[in-house]
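K.L.:
Got a structure here, written out as structure tokens. Questions coming.
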Amino acid sequence: MSEHQTTEAPSALPTLTKLGNIATGMFILGGAALAAGYFSDQSAGHKVFAGAYHFGFIFWLTLTLGCATMTYLHHTIRSQWSLSILKVMEAGNKNLLLMAAFFIPIAIATVVNKSYFPWADPAFLEKLPIQKQQWLNPTAWLIRAIVYFTFWIWTLSRLNASSKAQDASRDESLAEARRSFAPPMGVLHVILLTFAFTDWLMSLNPMFFSTLYGAWHMATGILMAIAFGTFLTLLMRTKRPYAAAVNPVLTKDLGNMMLGFTMIFGYFTLSQFLIIWSGNLPEEIVFFVQRFEGPLVFVGLAIVVFQFFGPFLALLSGKAKRTPELLIWVAGWIFCFRIVDVWWQVVPFFKGPSVVLSTIWIDLAALLFLGGVWLIFFVRNLKQNELLPLHDTRLQDTKLALEAH
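Mapping of the sequence shown onto numbering that gives the first Met the number 0: position 94 corresponds to residue 93, and the numbering continues sequentially without gaps.
Put into structure tokens, the structure is as follows:
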């Protein structure tokens, strides 16, 4: 009965095609609106447009690096639950080459035009402490960016190629080679990710400083990637090959992982705030001072309520984690509210509270445009591989055992 149902289940490919069509619409609509936003931006140095573009870039970069982190993690621990989203993570991390292309306008504006980042202006850079001058000068900043992308693309290409090769050959030695390669590369990845978010986000205000910043964004990236993978897996749960793998044990595991990283996100957020608040140092409090003005304070409150307490309370329920129809809504909610969180973190660096809401349509246009391109390439990447690993059938075996029991 179970084998018959699995055989008769429709393919997931039409669903991916629909996602690709939606992505194309996002690309066209977002591109037209973003172009209109550029020409309507009357701010000095097109700061409003730059803030919108950077918001879109950081949001999709966070998802891409979250997929990368999960890929390193899976090949290190070889857990059963992560098998269900492994191919989604691989398709997502392949977009690092695309993110490098999205980074080019930022690099040109910083290194050539001496704008975008405040410290790109030599007159401003000279006023900073000598250590920051050495770290934030445009040449060193660009060299580091090249190192980051080169490392990520090289290491993840090796892991992805090995995983695909094992699907074809079933050679277990490939898995053992990945298990030896992934842990040290994963450690280096975490270090480089910390540097990258320091360079590309925290340095938008060179006076701001936080030692938790890299870990904070790593945790939110993992949460975002797991929610994205869970949503897609459950969206296609009645389609091949997911129909043969999705079961209550798997959904409980995915729900527990989202719960765990929601708690980590809350812990890092609260810890960072308390440390900065108790220290009350000018170079640290500037981040929150900017965001406690005007309507931004209410956005911050909404993040606390809906990005932490909402998912946290929902995922405490065993029923929500066992029921795909409920868990898919929680996963979608977590992913979508990350948009608000990233916007709250990025855009105030560029725009003050007086214009931050009136120009929000440009921010959304950038999110749609970059997201449309990202999803088009993501769908293409996902279609090029098996949707579930063929070299590890533990998910399918677990479902058959549960049905037999």
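Beta carbons are placed, not taken as given, at the ideal position from N, Cα and C, and that holds for glycine.
Quick caveat: nothing in here was measured; it's all calculated off a predicted structure.
Measuring CB atoms only, is the region 288-307 touching the region 325-342, in the sense that at least three cross pairs come out at less than 8 Å?
P.N.:
Taking 8 Å as the limit for Cβ pairs, the verdict is that the region 325-342 does touch the region 288-307.
K.L.:
For residue 285 versus residue 223, is the C-beta distance shorter than 8 Å?
P.N.:
Taking the first residue of the sequence shown as position 1, residue 285 is located at position 286. Taking the first residue of the sequence shown as position 1, residue 223 is located at position 224. For residue 285 and residue 223, no; Cβs fall outside 8 Å.
K.L.:
Which residue from 162, 8 and 245 puts its Cα closest to that of residue 383?
P.N.:
As a position in the sequence shown, residue 383 is number 384, starting the count at 1. If we check each option's Cα against that of residue 383, 162 comes out closest.
K.L.:
Please classify residue 280 as buried or exposed, where buried requires at least 16 neighbouring CB atoms within 10 angstroms.
P.N.:
Position 281 of the sequence shown, counting from 1, holds the residue named residue 280. Looking at its Cβ environment, which holds fewer than 16 other Cβ atoms inside 10 Å, residue 280 is exposed.
K.L.:
Pull up the CB-CB distance for residue 85 and residue 63, whole angstroms please, since I reckon it's below 8 Å.
P.N.:
Numbered from 1 along the sequence shown, position 86 holds the residue referred to as residue 85. Numbered from 1 along the sequence shown, position 64 holds the residue referred to as residue 63. Going by Cβ atoms, the distance from residue 85 to residue 63 rounds to 16 Å, so no, they are not a contact pair.
K.L.:
Got a sec? Which residues, its chain only, sit under 7 Å from residue 15 by beta carbon, not counting five neighbours each side?
P.N.:
Position 16 of the sequence shown, counting from 1, holds the residue named residue 15. Cβ neighbours of residue 15 beyond the five flanking positions: 378, 381 and 382.
K.L.:
To the nearest angstrom, how far is it from the Cα of residue 2 to the Cα of residue 164?
P.N.:
In the sequence shown, counting from the first residue as 1, residue 2 sits at position 3. In the sequence shown, counting from the first residue as 1, residue 164 sits at position 165. At residue 2, the pLDDT of 42 sits below 50, so the modelled position is not reliable and the matter cannot be decided from this model.
K.L.:
Output the distance between the C-alpha atoms of residue 4 and residue 239, rounded to the nearest integer angstrom.
P.N.:
On the sequence shown, residue 4 is found 5 positions in, with the first residue counted as 1. On the sequence shown, residue 239 is found 240 positions in, with the first residue counted as 1. Low local confidence applies: a pLDDT of 44 at residue 4 is under 50, so the model's placement there is unreliable, with the coordinate-based value given in what follows. Their Cα atoms are separated by approximately 10 Å.
K.L.:
Can the beta-carbon of residue 367 be found closer than 8 Å to that of residue 97?
P.N.:
Taking the sequence shown and counting its residues from 1, one reaches residue 367 at position 368. Taking the sequence shown and counting its residues from 1, one reaches residue 97 at position 98. Against a cut-off of 8 Å, the Cβ pair of residue 97 and residue 367 comes out as no contact.
K.L.:
Taking only the alpha-carbon atoms, compute the straight-line gap between residue 0 and residue 403 and give it to the nearest angstrom.
P.N.:
Along the sequence shown, one-based indexing puts residue 0 at 1. Along the sequence shown, one-based indexing puts residue 403 at 404. For residue 0, the predicted model reports a pLDDT of 34, less than 50, meaning its position is unreliable and no value from the coordinates is stated.
K.L.:
With 16 other CB atoms within 10 Å as the buried threshold, where does residue 230 fall?
P.N.:
In the sequence shown, counting from the first residue as 1, residue 230 sits at position 231. Answer is buried; the Cβ neighbour count reaches 16.
K.L.:
Pick from 376, 43, 178 and 91: whose alpha carbon is nearest that of residue 408?
P.N.:
Past the edges of the chain, shown from 0 to 404, lies residue 408, and the structure says nothing about it.
K.L.:
Could you spell out where the alpha helix (DSSP H) holding residue 365 opens and where it closes?
P.N.:
Position 366 of the sequence shown, counting from 1, holds the residue named residue 365. Note, residue 365: alpha helix (DSSP H), 359-382.
K.L.:
Applying the 10 Å Cβ sphere with the 16-neighbour rule, what's the burial state of residue 125?
P.N.:
Within the sequence shown, numbered from 1, the residue matching residue 125 stands at position 126. Burial call: exposed.
K.L.:
Would the region 208-216 and the region 355-375 be scored as touching if the rule is three or more Cβ pairs under 8 Å?
P.N.:
Cβ pair count under 8 Å is below three, so no.
K.L.:
Can the beta-carbon of residue 61 be found closer than 8 Å to that of residue 248?
P.N.:
The residue you call residue 61 lines up with position 62 of the sequence shown. The residue you call residue 248 lines up with position 249 of the sequence shown. Their beta carbons are not under 8 Å apart, which means residue 61 does not touch residue 248 by this criterion.
K.L.:
Starting from the C-beta of residue 18, find all residues in its chain whose C-beta is less than 7 Å away, skip the five residues before and the five after it, and write them out in chain order.
P.N.:
For the purposes of this step, residue 18 is taken as the residue at position 19 of the sequence shown. Once the five neighbours on either side are set aside, the close Cβ partners of residue 18 are 374 and 378.
K.L.:
Would you mind reading off the limits of the alpha helix (DSSP H) that contains residue 324?
P.N.:
Start at 1 with the first residue of the sequence shown, and residue 324 comes out as number 325. Start and end: 323-345.
K.L.:
With a threshold of 6 Å on Cβ separation, who are the neighbours of residue 187 within its own chain once the five nearest residues in sequence on each side are excluded?
P.N.:
As a position in the sequence shown, residue 187 is number 188, starting the count at 1. Nothing listed; no residue qualifies.
K.L.:
So, under 8 Å CB-CB, residue 144 and residue 198 are touching, yes? Tell me the CB distance rounded to an integer number of Å.
P.N.:
For the purposes of this step, residue 144 is taken as residue 145 along the sequence shown, with counting starting at 1. For the purposes of this step, residue 198 is taken as residue 199 along the sequence shown, with counting starting at 1. With a Cβ gap of about 7 Å, residue 144 and residue 198 count as contacting.
K.L.:
List the residues that DSSP assigns as beta-bridge partners of residue 10.
P.N.:
Position 11 of the sequence shown, counting from 1, holds the residue named residue 10. Answer by DSSP bridge pairing, in chain order: 239.
K.L.:
Quick one: residues in its chain with C-beta nearer than 8 Å to the C-beta of residue 80, no 5 flanking neighbours on either side, listed in chain order?
P.N.:
Looking up residue 80 in the sequence shown gives position 81. Excluding positions up to five away in sequence, the list reads 249, 252, 253 and 256.
K.L.:
Quick check: residue 372 and residue 26, are their CB atoms within less than 8 Å of each other?
P.N.:
One-based indexing of the sequence shown puts residue 372 at position 373. One-based indexing of the sequence shown puts residue 26 at position 27. Contact: yes.
K.L.:
Quick one: grab the DSSP three-state call for residue 286.
P.N.:
On the sequence shown, position 287 is the one that residue 286 refers to. The answer is helix: DSSP assigns residue 286 an H, G or I state.
K.L.:
Straight-line CA distance for residue 141 to residue 109?
P.N.:
As a first step, residue 141 is located in the sequence shown; it is residue number 142 there, counting from the start. As a first step, residue 109 is located in the sequence shown; it is residue number 110 there, counting from the start. Between residue 141 and residue 109, the C-alpha separation is close to 9 Å.
K.L.:
For residue 42, which option in 327, 351, 82 and 389 has the closest C-alpha, if you only look at C-alpha atoms?
P.N.:
Here residue 42 is taken as the residue at index 43 of the sequence shown, counted from 1. Of 327, 351, 82 and 389, the residue nearest in Cα terms is 351.
K.L.:
Helix, strand or coil for residue 115? Go by DSSP, reduced to three states.
P.N.:
Here residue 115 is taken as the residue at index 116 of the sequence shown, counted from 1. Coil.
K.L.:
Out of 132, 53 and 67, state which residue places its alpha-carbon closest to the alpha-carbon of residue 104.
P.N.:
In the sequence shown, counting from the first residue as 1, residue 104 sits at position 105. Looking at the Cα atoms, 53 is the closest of the given residues.
K.L.:
Can you tell me whether residue 271 is buried or exposed? The criterion is at least 16 other CB atoms within 10 Å of its CB, across all chains shown.
P.N.:
Residue numbering aside, residue 271 sits at position 272 when the sequence shown is read from its first letter. Counting Cβ neighbours within 10 Å, residue 271 comes out buried, since at least 16 surround it.
K.L.:
Can you tell me which of the three DSSP states residue 355 falls into?
P.N.:
One-based indexing of the sequence shown puts residue 355 at position 356. Residue 355 falls in the coil class under three-state DSSP.
K.L.:
For the alpha helix (DSSP H) containing residue 396, list its first residue and its last residue.
P.N.:
To locate residue 396, count along the sequence shown from 1; it is residue 397. Residues 393-403.
K.L.:
Write down the C-beta distance between residue 75 and residue 181 rounded to the nearest angstrom, noting that I regard them as a contact closer than 8 Å.
P.N.:
If you number the sequence shown from 1, residue 75 lands on position 76. If you number the sequence shown from 1, residue 181 lands on position 182. So it is a contact: roughly 5 Å between Cβ atoms.
K.L.:
Can you give the beta carbon distance from residue 44 to residue 365, rounded, assuming they're within the 8 Å contact cut?
P.N.:
Position 45 of the sequence shown holds residue 44. Position 366 of the sequence shown holds residue 365. About 16 Å separates the two Cβ atoms, so there is no contact after all.
K.L.:
Please report how far the alpha carbon of residue 390 lies from the alpha carbon of residue 173, in whole angstroms.
P.N.:
Here residue 390 is taken as the residue at index 391 of the sequence shown, counted from 1. Here residue 173 is taken as the residue at index 174 of the sequence shown, counted from 1. Taking the straight line joining both Cα atoms gives about 10 Å.
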